[in-house]
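The structure appears right after this line, and notes come after that.
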Amino acid sequence: MKNKPWIALCLTSVLLAGPLMAADSPEAKNGAQSKEEAVQQQVDDRATHEREKIIQEAISAVSRTNNAIRALDKGDKDQALEELAIVIGKLELITSAYPELALAPLDVQLITHDLAGSVEEVKKAIAKARDLLDDGRVQDARLLLRDLASEVVIRTVNVPLATYPDAIKAIVPLIKDGKVQEAKAALVTALSTLVVVDHVVPLPVLRAEAALADAKVLANNADRKPEEAKKLAELLSLTRAQLQLAEVLGYGEKDAFKPFYEDIAAIRKATGSGGTEQDLFDSLKERFKALKEKL
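When we follow this note's numbering, the leftmost residue of the sequence shown carries the number 6, and every step to the right adds one.
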């Protein structure tokens, strides 16, 4: 979504507000940072508002499409045409305001698949599935493999703006010509073209990242108590174990995980003798960011 002119004006007005201070003073820097955060919050709020408007318009358009089908069922062609005119108007409003937008979101669903097994259990299941495939028992292998997932699926249902409005426009002449059954079939077909997009978020990667964040807090204290040192070691082990689970489940290529294990081993060695190794923690944080972007 392209920036709107009001964003630049808002930024200028907010940054110029307030008393004058020396540019290099801590007060000036803190004040500028605070104002920039306020500006960013306004931008984010505006973007959220715009996204919500798009979603509501798209939902309304699909709802009106269903209304048109019901109107045709009752033999009310005028009502059907009125509903479709509203559909076309809403979608054209979206495409004219956001020409770069290919999909207008209708609904977002969260689907969770969690796995309670260990790395070794997963490896055994994969080996068993390979044996079944070698024996030609594809469906048995499929049943075994379907549970080998630990993830949250963010599923978005979208209206394809490149095709949906044109499909609706093409149905209008059918209704005017009295071809009601053809029009109803075409409307059902148009509804079936809604695009479903799944974004997979691996839970082991998220859990490893969370464990590492807790470990960093403990490692930051060079005067750790024995119980804190023990907890730190446990968190590092948990981070590695979750990454191994992500690897064996296929959330990323094998080579992508090797640097993680090397950094964790270096952190374990350094923190075992009282070090903090914040640089390595920061490096791992960036590795997690890169891994998630690839996934």
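All C-beta atoms in this analysis are idealised placements derived from N, C-alpha and C, irrespective of residue type, glycine included.
Being a predicted model, the structure only gives us computed values, none of them experimental.
#1: Once DSSP output is grouped into helix, strand and coil, what is the label at L71?
#2: For the beta strand (DSSP E) that A109 lies in, which residues bound it at each end?
#3: Please report the distance separating the alpha-carbon of A85 from that of A188.
#4: Shortest alpha-carbon distance to I227 belongs to which of E267, G277 and R212?
#5: Of the choices A238, E42 and Y266, whose alpha-carbon is the least far from that of L248?
#6: Could you give the DSSP three-state label for E88: helix, strand or coil?
#7: Give every residue of the same chain whose Cβ lies closer than 8 angstroms to the Cβ of E97, excluding the five residues on either side of it in the sequence, and list them in chain order.
#8: If you draw a straight line from the alpha carbon of L208 to that of L138, how long is it in whole angstroms?
#9: Can you say whether D268 is buried or exposed, counting buried as having 16 or more other CB atoms within 10 angstroms of its CB?
#10: Given this structure, state the Cα-to-Cα distance separating L89 from L166, to the nearest angstrom.
#11: Can you give, in chain order, each stretch of the alpha helix (DSSP H) that sits fully within the region 138-225 and has at least 4 residues?
#12: Between T117 and V92, which are expected to be in contact by the criterion C-beta below 8 angstroms, what is the C-beta distance as a whole number of angstroms?
#13: Taking its Cβ as the centre, do 16 or more other Cβ atoms sit within 10 Å of L217, making it buried, or is it exposed?
#14: I need the straight-line Cα distance from A220 to E156, nearest angstrom please.
#15: Taking only the alpha-carbon atoms, compute the straight-line gap between E42 and N72 and give it to the nearest angstrom.
#16: Determine the DSSP secondary structure at K290, reduced to helix, strand or coil.
#17: In the DSSP assignment, find the unbroken alpha helix (DSSP H) run with D260 in it and report its ends.
#18: According to DSSP, simplified to helix, strand and coil, what is D228?
#19: Given a cut-off of 9 angstroms on the beta-carbon distance, is the pair A63 and A107 in contact?
#20: Can you list, in chain order, the residues of its chain with a C-beta nearer than 7 angstroms to that of A28? Leave out the 5 residues immediately preceding and following it.
#21: With 16 as the cutoff for other CB atoms within 10 Å, does N225 come out buried or exposed?
#22: Secondary structure at D81, three-state DSSP: helix, strand or coil?
#23: Relative to the C-alpha of V164, which candidate in E232, D284, Q61 and A132 has its C-alpha closest?
#24: What is the DSSP secondary structure of E105, reduced to helix, strand or coil?
#25: Go ahead and pull the three-state DSSP assignment for A121.
#26: Any contact between the region 227-239 and the region 192-200? By contact I mean 3 or more CB pairs, one from each, below 8 angstroms.
#27: Give a yes or no on whether the C-beta atoms belonging to R160 and Q114 are separated by under 9 angstroms.
#28: Should E125 go down as buried or exposed, given a rule of 16 or more other Cβ atoms within 10 Å for buried?
The structure says:
#1: Note on residue identity: the sequence assigns Asn, not Leu, to residue 71. Helix at N71.
#2: L108 to H118 is the extent of the beta strand (DSSP E) around A109.
#3: 10 angstroms
#4: For the sequence presented, residue 227 should be read as Ala rather than Ile. It is G277.
#5: Y266
#6: helix
#7: These residues qualify, in order along the chain: P170.
#8: 28 angstroms
#9: buried
#10: 15 angstroms
#11: 143-150, 169-181, 185-196 and 208-224
#12: Rounded, the Cβ-Cβ distance is 34 angstroms, inconsistent with contact.
#13: buried
#14: 23 angstroms
#15: 44 angstroms
#16: helix
#17: K259 to G277
#18: coil
#19: no
#20: Low per-residue confidence applies at A28: pLDDT is 45, beneath 50, and the placement is therefore not dependable enough to give any value.
#21: exposed
#22: coil
#23: Q61
#24: coil
#25: coil
#26: no
#27: yes
#28: exposed
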